[in-house]
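Number of protein chains: 2
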Amino acid sequence: MTATELRRPIDPERVAHARSRLPSAEGATRLTGLLSLMADPVRLRLIYALDVTEELCVGDLALALDTSEDSVSYALRLLRTAGLVVARKAGRVVYNRLADDFPAPLRNYCLRQLIALTYQAEDSGV
Amino acid sequence: MTATELRRPIDPERVAHARSRLPSAEGATRLTGLLSLMADPVRLRLIYALDVTEELCVGDLALALDTSEDSVSYALRLLRTAGLVVARKAGRVVYNRLADDFPAPLRNYCLRQLIALTYQAEDSGV
DNA sequence: AGGACACCCGTACAGGTATACGGATGAAAG
DNA sequence: CTTTCATCCGTATACCTGTACGGGTGTCCT
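In order, the protein sequence lines correspond to chains C and S. Per my numbering, numbering of the first sequence is gapless, rising by one per residue and ending at 299. Per my numbering, numbering of the second sequence is gapless, rising by one per residue and ending at 299.
See below:
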């Protein structure tokens, strides 16, 4: 059945409690937009590489990540559009770095998890 | 050009530095799997609702989120498969709650961001 | 038993998203 | 000024993912 239905809640109290403080769909969409950007292996490792090296150009990123330049260029385009990466043009090379307002807690958590997941064959808490 | 190319790095030092400590593609894929699960408005608000109410059944979740039961059922299936949500069956209703080992930092960050994004029309730091 | 209800599952469909290719832009080197 | 090089852009394609629909299973109530 589609959302427009009439149902009797099993636990009305909890439903009311959840509804009263439930976040808006727009807010959720905005946050999921950010999470979607990090939810990609290429972009996540790219962010890691930029975090470690301060700045890199497209070609060097492709070498560092063992990927095609197309892939890196596309990833950078999305991250740049979202304001998570800024570009500095010097001659014919474009140096990319993480934006200053890159969400710190998300970055720290993800990069540390990456290290943990890399150097532990099997783990538990993700 | 595809990944199999021969290029000369512009900043060999930084490339080597990034390559030496770059996380594995498998680790990145595993982490992005988790991030992908949270990168959906329905699932994110569902997690929020469960965080607030301790536990809810499918029908009540649909009421709380103003969504179809199908949508909630599908979201729960993915979260359960990933071990992020556990189900408790009582009679003919199935109560769902967040798993104990749900990644705490990720949960805290996302839920607080959700509140901030909901009660601020326009904001800055996402 | 019979009917109503809560929920799950398999399939089909539509939308968004990543990748590969070709060409275009702009800067530097010969 | 032509060539080389780093990068970007538009398009086409394959893919992954969320949603909708129909049917099925088990449970409670009468």
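Virtual Cβ for every residue (Gly too), placed ideally from N, Cα, C. Being a predicted model, the structure only gives us computed values, none of them experimental.
Nearest-angstrom Cβ-Cβ length linking Val245/S and Leu210/S, presumed shorter than 8 Å:
Not a contact, Cβ separation roughly 15 Å.
Exposed unless 16 or more other CB atoms sit within 10 angstroms - verdict on Tyr292/S:
Result: exposed.
At the level of alpha carbons, what is the spacing between Leu195/S and Ile288/S?
Leu195/S and Ile288/S have their C-alpha atoms spaced approximately 34 Å apart.
Using only the alpha-carbon positions, how far apart do Asp233/S and His190/C sit?
Going from the Cα of Asp233/S to the Cα of His190/C covers about 11 Å.
Are at least three pairs of beta-carbons, each pair with one atom in the segment 213-232 of chain S and one in the segment 263-278 of chain S, less than 8 Å apart?
The segment 213-232 of chain S, when compared against the segment 263-278 of chain S, does touch it at the 8 Å Cβ threshold.
Would Gly133/S pass as an interface residue toward chain C - the criterion being a Cβ-Cβ separation below 8 Å?
Past the edges of chain S, shown from 174 to 299, lies residue 133/S, and the structure says nothing about it.
Contact list for Val258/C against chain S, beta-carbon separation under 8 Å
Near Val258/C there are no residues of chain S at all, since even the closest Cβ is about 14 Å away, more than 8 Å.
Could you name the residues of the same chain whose beta carbon sits closer than 8 Å to that of Val215/C, not counting the 5 residues immediately before and after it, in chain order?
Leu238, Thr240, Ser244, Val245 and Ala248.
Would a check of beta-carbon distances place Val225/C closer than 8 Å to chain S?
For Val225/C, the answer is yes, since a Cβ of chain S falls inside 8 Å of its Cβ.
Would you mind telling me which residues of chain C sit closer than 8 Å to Ile183/S, beta carbon to beta carbon, in chain order?
The contacting residues are Cys230, Gly232, Asp233 and Val266.
Cβ neighbours of Lys262/S in the same chain (closer than 8 Å, five flanking residues each side left out)
Once the five neighbours on either side are set aside, the close Cβ partners of Lys262/S are Tyr268.
Within 10 angstroms of its Cβ, does Arg181/C collect 16 or more other Cβ (buried), or is it exposed?
Arg181/C is exposed by the Cβ-count criterion.
Verify the CB distance criterion: does Leu217/C have a CB-CB separation below 8 Å to chain S?
Chain S contact via Cβ: present.
Might you give, ordered along the chain, the residues of its own chain that have their beta carbon closer than 8 Å to the beta carbon of Asp213/S, omitting 5 neighbours on each side?
Around Asp213/S: Ala248.
For Ser246/S, would you say it is in contact with chain C, using Cβ-to-Cβ distances shorter than 8 Å as the test?
Contact of Ser246/S with chain C is not assigned, every C-beta pair being separated by 8 Å or more.
Where Cys283/C and Ala201/S are concerned, what is the direct C-alpha to C-alpha distance, given to the nearest angstrom?
As the crow flies, the alpha-carbon of Cys283/C is around 9 Å from that of Ala201/S.
Give me the Cα-Cα distance between Leu185/S and Ser193/C, rounded to the nearest whole angstrom.
Reading the sequence as shown, one finds Pro at residue 185/S and not Leu. Going from the Cα of Pro185/S to the Cα of Ser193/C covers about 55 Å.
For Ala255/S, which option in Arg203/S, Arg187/S, Ser197/S and Arg285/S has the closest C-alpha, if you only look at C-alpha atoms?
It is Arg203/S whose Cα lies nearest to the Cα of Ala255/S.
Would you identify the three-state DSSP class for Arg270/S, choosing helix, strand or coil?
The DSSP-derived three-state label of Arg270/S is strand.
Can you find the residues in the same chain that come closer than 6 Å, C-beta to C-beta, to Arg280/S, ignoring five residues on each side of it along the sequence?
Once the five neighbours on either side are set aside, Arg280/S has no close Cβ partner at all.
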